[in-house]
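In terms of UniProt numbering, the sequence shown opens at residue 1 and continues consecutively.
All C-beta atoms, glycine included, are put in the ideal place defined by N, C-alpha and C.
For clarity, every value in this text was computed on a predicted model and none was experimentally measured.
The block underneath contains the structure these notes are about, expressed in structure tokens.
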Amino acid sequence: MRWTLRQQRGAASVEAAISMIIIIPIFMYALFLDDLLRYAADVTEAVTSTPWDFTGQDYMKGEEKSSGVQGMARLMFCDHESSGDSYNQGQDCDATDHHDERAFVGHVCWLNDEGKAEQVTCKQVDTSVGNLGVGVYDQYRQQFGPQGGLYSCYAKAVVENYLLPKSFLQEFSNVDLSKENWKGKGDIHGNAKAGTDDTAYFLAQQDFAIVTDTLALNDKTASVKVSPDQKSGEMYDRVAKVYTGNQGFRLAQVEYQTFRRQLDAANILLPGVGDDALTPNVALPEAGEYTQKIENDQGGSNDFFATPWRDGAGDRHQKTANARGNYYMGCQNPESC
Numbered sequence: 001m002r003w004t005l006r007q008q009r010g011a012a013s014v015e016a017a018i019s020m021i022i023i024i025p026i027f028m029y030a031l032f033l034d035d036l037l038r039y040a041a042d043v044t045e046a047v048t049s050t051p052w053d054f055t056g057q058d059y060m061k062g063e064e065k066s067s068g069v070q071g072m073a074r075l076m077f078c079d080h081e082s083s084g085d086s087y088n089q090g091q092d093c094d095a096t097d098h099h100d101e102r103a104f105v106g107h108v109c110w111l112n113d114e115g116k117a118e119q120v121t122c123k124q125v126d127t128s129v130g131n132l133g134v135g136v137y138d139q140y141r142q143q144f145g146p147q148g149g150l151y152s153c154y155a156k157a158v159v160e161n162y163l164l165p166k167s168f169l170q171e172f173s174n175v176d177l178s179k180e181n182w183k184g185k186g187d188i189h190g191n192a193k194a195g196t197d198d199t200a201y202f203l204a205q206q207d208f209a210i211v212t213d214t215l216a217l218n219d220k221t222a223s224v225k226v227s228p229d230q231k232s233g234e235m236y237d238r239v240a241k242v243y244t245g246n247q248g249f250r251l252a253q254v255e256y257q258t259f260r261r262q263l264d265a266a267n268i269l270l271p272g273v274g275d276d277a278l279t280p281n282v283a284l285p286e287a288g289e290y291t292q293k294i295e296n297d298q299g300g301s302n303d304f305f306a307t308p309w310r311d312g313a314g315d316r317h318q319k320t321a322n323a324r325g326n327y328y329m330g331c332q333n334p335e336s337c
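Structure (structure tokens):
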């Protein structure tokens with residue numbers, strides 16, 4: 001009986017020893033794959049979030065709108081995470097402490113001398129995207145939104161092994177368990193630069209693009225208020241562009257001038273009295289206001305509702321928004337989203 005138990009214990013020990021040949025590599029590989037998947041998700045986050053930042057720029061400032069988008073994205077993700085950033089080049093990017101705090105098996109980096117890893121990089125905007133070939137639209141876009149088009153960005157990263165042994169139980173197999181183990185071999189950033197296909201793992205390049213126009217008035221510091229007697233301003237210029245650029249405008253212009261001459265010849269209207277039909281009348285209140293005071297021909301003025309939010313006839317738009325409840329689609333203030 002004792003001999004049988006000894007045999008069983010001996011067999012179990014042998015089985016456990018043999019199992020370790022499989023279990024240990026699988027366990028270590030699982031840790032490394034966990035790091036790879038997490039780093040791939042980090043690269044995807046950096047690439048997909050950056051083009052969206054272009055949509056929130058102040059396009060009314062012209063070329064200045066895109067000067068900092070790529071730079072700020074690189075400062076955000078140079079430590080490979082989007083939280084807790086100081087946007088400080090020396091602290092977040094040049095230092096290597098963020099590698100020590102996050103990595104367990106593999107270390108991810110944007111640096112590589114062979115160009116197989118690269119921080120978030122945005123290509124020159126393709127302004128031809130969105131051109132419809134329609135006269136007035138293309139003219140309007142060229143004047144008020146020339147910075148719009150296709151914004152595309154990409155990034156790629158390198159991951160190096162700092163835990164897996166390159167070989168394991170070579171008595172049973174001549175297959176390498178992993179690529180180069182860089183632990184104790186120098187600076188992390190320096191190792192990343194020196195990585196090659198034989199010594200490091202390169203994540204696939206991630207690409208993301210978005211098409212955006214720039215036709216909206218998004219300069220929050222500028223005034224959008226305009227009244228019918230005011231023939232200038234950002235809003236008026238935009239309306240006038242569409243009004244006079246319409247294909248029927250020239251025909252209407254000829255007919256109006258003919259009609260006006262007939263009125264003048266018949267002395268039906270006093271000289272200078274009446275609106276000029278060739279220029280649009282635009283009325284828009286200041287941002288955040290519901291009504292606008294418009295002067296009349298008698299020298300007085302009246303308040304008019306200027307937005308559908310408040311219309312004096314039930315305020316249906318406002319009631320619809322209120323019925324949706326607070327934080328509808330994540331928006332606290334329905335007029336600011």
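Check whether the Cβ atoms of residue i and residue j lie closer than 9 Å to each other.
i	j	result
residue 234	residue 191	no
residue 182	residue 162	yes
residue 47	residue 125	no
residue 318	residue 324	no
residue 35	residue 108	yes
residue 242	residue 136	yes
residue 40	residue 53	no
residue 210	residue 132	no
residue 166	residue 179	yes
residue 278	residue 320	no
residue 148	residue 214	yes
residue 105	residue 164	yes
residue 77	residue 113	no
Pull up the distance between the alpha-carbon of residue i and that of residue j, whole angstroms please.
i	j	result
residue 205	residue 238	41 Å
residue 283	residue 252	22 Å
residue 82	residue 50	11 Å
residue 143	residue 208	28 Å
residue 56	residue 37	30 Å
residue 229	residue 75	49 Å
residue 95	residue 80	12 Å
residue 281	residue 115	57 Å
residue 224	residue 129	28 Å
residue 157	residue 185	20 Å
residue 189	residue 26	28 Å
residue 199	residue 111	14 Å
residue 236	residue 292	16 Å
residue 289	residue 231	21 Å
residue 269	residue 127	49 Å
residue 64	residue 240	Only weak support is given to the placement of residue 64: the predicted model assigns it a pLDDT of 47, under 50, and the value that follows is read from those uncertain coordinates. So the two alpha carbons sit approximately 26 Å from each other.
residue 267	residue 259	12 Å
residue 304	residue 248	30 Å
Buried or exposed: which applies to residue i, given that a residue is buried once 16 or more other Cβ atoms fall within 10 Å of its Cβ?
i	result
residue 276	exposed
residue 316	exposed
residue 261	exposed
residue 32	buried
residue 265	exposed
residue 285	buried
residue 296	exposed
residue 257	exposed
residue 254	exposed
residue 322	exposed
residue 221	exposed
residue 195	buried
residue 141	buried
residue 30	exposed
residue 287	exposed
residue 203	buried
residue 71	exposed
Could you work out which residue in the options is closest to residue i when comparing CA atoms only?
i	options	result
residue 306	227, 27, 82, 261	227
residue 45	155, 118, 250	155
residue 122	240, 105, 153, 195	153
residue 246	145, 113, 139	139
residue 145	217, 240, 269	217
residue 197	301, 117, 71	117
Can you determine whether any heavy atom of the ligand ADP sits closer than 8 Å to the C-beta of residue i, and answer yes or no?
i	result
residue 121	The ligand ADP is not part of this structure, which contains no ligands at all.
Self-check item: Sequence ranges, beta strand (DSSP E) only - wholly within the region 198-277, length at least 3
Solution: 206-212
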